[in-house]
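Visitor: Structure incoming, see below.
Printed below as a string of structure tokens:
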């Protein structure tokens, strides 16, 4: 079975290198304005079986007209932009609620869907080594190693390079239609990550427990309880309410809420996903060959890993 | 296995006949103030395995401190007040969203739960016969027979007397833990209901398609399209915003939203419940003996049915 793949691109992005690359690989690239006329969108989506939204975080609301058009066009499966750690649908991370709102909208439409969460990326998981030899693979904003509470909170991780392969399995699987699905590679605590990196690098890591990752960066503020991080979240929320355009406040709010969820509450686990009604990727695809975290760390130490969010992108 | 049953009652309701009746049947009745101190609630709930909330519609928010206390007390299954027709979690019926908010709160707490919807009651389903012989069994506000669109929209029905027996099965079933469950007796369209009542009564029914059930009661307004009922919903919402204490506006809003959901959109079906992730009661309990709608209609025509919402209660 061969599949024809079409990429919808914002008109102003059509000439970007990413799309040139896709075209070389046989992908049909077509311009689409999600804020434009519904009829145009509907005809673009006609004949499409599965629609995967990889929409920008700040544009989630544009999935509403996209879902409307997909319903009218008869799309057989809509995969909204989720691809995150497992988080309670409401009450912990503000932007997670936006995704639940969109899912609830899809459900109101009776549009066939799959909601996929896919672990925290290995590529955002490495600590900074004293020698600096991992710096090349770290994201620009990863100024501090962060551990939750005592470092013993488990969290589901995946290699970003495996996510697409998981998604390819999920969207061809009738068992996952109209379901939430949790795919991930390995479940590790921060202490397990640190232990492994220490063992493989031969370097000793200072273990700082959850700290505020966005300024203040003087290292003086270490948050170790839910109450403390909650007060930081409230401060960020107040700042954001006072200045809704503040990227700093938004970043602090989101980052601290994410930390609260995965590093303190311990939401990002297969057990909690099951409780929330997700199907478990390990049970669905026991044969799936994934990159082990140990192999990713070895490659990173050898200088051959590729990072994400590295500024140049 | 015997079960010990405790009923929590509002202190001011302790002497009501319903509780006297429960006490006669061996139920332990204890006063509980959901707005009172958490510690008291926690100790009341200690040792309770399953908590079933049958809280008044207008007091749903009190389930939040109840859930908090249940979590602390180690309750093994929390059944919130749902027991409704199947409705999309958000975007169609305002008060359904409140129930989803409470479910999402329970999920944030990681309190074990079961969410049960249980069909539209037979007792609210009978049309008024020209002879008046069914009037004794109709609810006081059921002034008009109502059909959705062309009367051919299916809706899942249950006899109120079967609901408790379904719940008893559901709460003892490990398969339903942390799940949504849809139990119901039969799926019928309004035309099927009318056909059956005509056949068994020998009377002819005028078939009026969806009409506004709350004033105006002059019978002049018959709503037959989604657009028309949506405009009535918007009018009721505006009235409610202008006067938040208006029970009339609240009643029109809720009743019209419910009609839109079950009578026009056709949400209250086993198929839609499955799409929304519910387990199906027919698959869980194929041996369950339920009252057939035909038998309920026969009893009603014989004068032996018992109605609900009859004013005297």
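Residue numbers (the working numbering), protein chains in the order written: chain U, 1 to 313; chain D, 1001 to 1313.
Positions of the beta carbon are idealized from the N, C-alpha and C atoms, including for glycine.
Since we're looking at a predicted model, the values are computed, not measured.
1. Using 8 Å as the Cβ pair cut-off and three pairs as the minimum, do the stretch 1178 to 1185 of chain D and the stretch 1151 to 1169 of chain D touch?
2. If we count Cβ pairs, one from each stretch, closer than 8 Å, do we get three or more for the stretch 1113 to 1123 of chain D versus the stretch 1239 to 1254 of chain D?
3. Which full runs of the beta strand (DSSP E) of 3+ residues lie inside the stretch 241 to 298 of chain U, going along the chain?
4. Taking just the CA atoms, how far does residue 1033/D sit from residue 1013/D?
5. Does DSSP put residue 304/U in a helix, in a strand, or in coil?
6. At a Cβ threshold of 8 Å, is residue 1074/D touching chain U?
7. Could you give the DSSP three-state label for residue 46/U: helix, strand or coil?
8. Could you give the residue range of the beta strand (DSSP E) that holds residue 72/U?
9. Quick check: residue 1300/D and residue 1137/D, are their CB atoms within less than 8 Å of each other?
10. Hey, is residue 1234/D's beta-carbon within less than 8 Å of any beta-carbon in chain U?
11. Check the Cβ-Cβ distances between residue 95/U and every residue of chain D, and say whether any is below 8 Å.
12. Verify the CB distance criterion: does residue 1098/D have a CB-CB separation below 8 Å to chain U?
13. Determine the direct distance from the alpha carbon of residue 1154/D to that of residue 1194/D, and round the result to whole angstroms.
14. Bridge partners of residue 1052/D, per DSSP?
15. Can you tell me whether residue 1155/D is helix, strand or coil according to DSSP?
16. Quick check on this structure: which residue in 1064/D, 1007/D and 1095/D has the alpha carbon closest to the alpha carbon of residue 1026/D?
17. According to DSSP, simplified to helix, strand and coil, what is residue 8/U?
18. Note down the Cα distance separating residue 1192/D from residue 1039/D, rounded to an integer number of angstroms.
19. Compare the C-beta of residue 104/U against all C-beta atoms of chain D and say whether one is closer than 8 Å.
20. Helix, strand or coil, according to DSSP, for residue 1116/D in the structure here?
21. Does the beta-carbon of residue 78/U have 16 or more other beta-carbons within 10 angstroms, so that it is buried, or is it exposed?
22. Can you check whether the CB of residue 1087/D is closer than 8 Å to the CB of residue 1093/D?
23. Where residue 1071/D and residue 1111/D are concerned, what is the direct C-alpha to C-alpha distance, given to the nearest angstrom?
24. Can you give me the C-alpha to C-alpha distance between residue 1063/D and residue 1108/D, rounded to a whole angstrom?
25. Check whether the stretch 1169 to 1176 of chain D touches the stretch 1284 to 1293 of chain D, counting contact only when three or more Cβ pairs, one atom from each stretch, lie closer than 8 Å.
26. Ends of the alpha helix (DSSP H) at residue 103/U?
27. May I have the straight-line CA-CA distance separating residue 271/U from residue 1259/D, to the nearest angstrom?
28. Got a sec: is the Cβ-Cβ distance from residue 1174/D to anything in chain U below 8 Å?
29. Under 7 Å Cβ-Cβ, which residues of chain B neighbour residue 1080/D?
30. Who pairs with residue 188/U in a beta bridge, going by DSSP?
31. Looking at the C-beta of residue 1152/D, does it have a partner C-beta in chain U at a distance below 8 Å?
32. Would you tell me roughly how many angstroms separate the C-alpha atoms of residue 1264/D and residue 1156/D, rounded to the nearest one?
33. Residue 159/U: beta carbon under 7 Å from a heavy atom of the ligand GDP?
34. Please state if the CB of residue 131/U and the CB of residue 203/U are separated by a distance shorter than 8 Å.
35. Measuring straight from C-alpha to C-alpha, what distance separates residue 97/U and residue 61/U?
36. Give every residue of the same chain whose Cβ lies closer than 8 Å to the Cβ of residue 1085/D, excluding the five residues on either side of it in the sequence, and list them in chain order.
Guide: Taking the coordinates as given:
1. yes
2. no
3. 278 to 280
4. 11 Å
5. The three-state reading of DSSP puts residue 304/U in coil, since its state is none of H, G, I, E or B.
6. no
7. coil
8. From DSSP, residue 72/U is part of no beta strand (DSSP E) but of the alpha helix (DSSP H) over 63 to 73.
9. Going by beta carbons, residue 1300/D and residue 1137/D fall inside the 8 Å limit.
10. no
11. no
12. no
13. 13 Å
14. Beta-bridge pairing links residue 1052/D to 1079/D.
15. Here residue 1155/D sits in strand by DSSP.
16. Checking every option, the nearest Cα to that of residue 1026/D belongs to 1007/D.
17. strand
18. 52 Å
19. yes
20. strand
21. Label assigned to residue 78/U: buried.
22. yes
23. Going from the Cα of residue 1071/D to the Cα of residue 1111/D covers about 6 Å.
24. 14 Å
25. They touch, by the three-pair rule.
26. 94 to 109
27. Straight-line Cα distance between these residues: approximately 39 Å.
28. no
29. The structure shown has no chain B; the protein chains it does contain are U and D.
30. Beta-bridge pairing links residue 188/U to 155/U.
31. False, the Cβ-Cβ gap to chain U never drops below 8 Å.
32. Taken atom to atom, the span from the alpha-carbon of residue 1264/D to that of residue 1156/D is near 14 Å.
33. By its list of ligands, the structure shown contains no ligand whatsoever, and the ligand GDP lies outside what it can speak to.
34. In contact: residue 203/U and residue 131/U (Cβ atoms closer than 8 Å).
35. Using only the alpha carbons, I get a separation of about 12 Å.
36. 1117, 1119, 1120, 1155, 1156, 1258, 1261, 1262, 1267 and 1268
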